[in-house]
């Protein structure tokens, strides 16, 4: 048995998001807009009725998660595997600053490769740890919905890993907007075990039964 559905929710806005700087594994808080976003979207998440909630330990994710916890009373569990991708020496920089500082490795990054010698975590490693955390938590549930609160790059890489896509396909998913979410549903006797039901949305879908969702995906 396992959870039947997984919601992957990105945290609200921070000042570094506004400045278009890479946050990575550093811990930055939500700004006023981010707190308002979390308060506005939390009822949409609560309407999907998650039975278990796991979150990245970074404060911008924890504070976003807390809004749903306050509505549902479901406890929050922290998992370090959901932390944002570590961008090493590039954290805190804008794309223009990275291009000026490390033009060759910047082009490698833009082309979908992995910058070397700068401490940047690979998408493969990020995807594997996020997928491991999601699958482990889902497998500990008899059924129901799992809410995962994390970060833009971590969610994108995690979704690719959960779908069995190679690391070269990660750019096929656009970055998740602040406080938007994706929904994956479990497939019966199929590989991969998860299927994308929706991606990068901020309004809960009609609360149709999981069985209906699964049959719709079979068409």
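Numbering (my numbering), first residue to last: 253 to 471.
For every residue, glycine included, the Cβ atom is placed at its ideal position computed from N, Cα and C.
Span of the beta strand (DSSP E) around residue i
i           : result
residue 300 : Unbroken run through residue 300: none, as it is neither H nor E.
residue 305 : 304-307
residue 399 : 397-402
residue 278 : Looking at the DSSP string, residue 278 is not in any beta strand (DSSP E), and its letter there is neither H nor E.
Beta-carbon gap between residue i and residue j smaller than 7 angstroms
i           : j           : result
residue 434 : residue 410 : no
residue 390 : residue 308 : no
residue 396 : residue 428 : no
residue 329 : residue 306 : yes
residue 381 : residue 333 : yes
residue 232 : residue 372 : There is simply no residue 232 to check, as the chain begins at 253 and stops at 471 in what is shown.
residue 282 : residue 275 : no
residue 385 : residue 331 : yes
Rounded C-alpha distance that separates residue i from residue j
i           : j           : result
residue 256 : residue 442 : 14 angstroms
residue 288 : residue 399 : 20 angstroms
residue 350 : residue 394 : 46 angstroms
residue 454 : residue 365 : 31 angstroms
residue 375 : residue 406 : 8 angstroms
residue 263 : residue 432 : 8 angstroms
residue 317 : residue 440 : 29 angstroms
residue 204 : residue 338 : The shown model of the chain, from 253 to 471, leaves out residue 204, and the question about it has no answer.
residue 452 : residue 424 : 13 angstroms
residue 352 : residue 302 : 44 angstroms
residue 430 : residue 253 : 32 angstroms
Presumed contact (8 angstroms Cβ cut-off) between residue i and residue j, rounded CB distance
i           : j           : result
residue 346 : residue 312 : That pair is no contact at about 19 angstroms.
residue 272 : residue 343 : Actually they do not touch by this definition, with Cβ atoms about 13 angstroms apart.
residue 422 : residue 436 : Not a contact, Cβ separation roughly 16 angstroms.
residue 457 : residue 415 : That pair is no contact at about 19 angstroms.
residue 320 : residue 298 : 6 angstroms
Continuous alpha helix (DSSP H) stretch holding residue i: start and end
i           : result
residue 431 : Run containing residue 431: none; DSSP gives neither H nor E here.
residue 268 : 267-270
residue 274 : Taken as a continuous stretch (DSSP letters only), residue 274 belongs to no alpha helix (DSSP H), as it is neither H nor E.
residue 359 : 355-362
Residues that residue i bridges to, as DSSP identifies them
i           : result
residue 330 : 307
residue 260 : 400, 434
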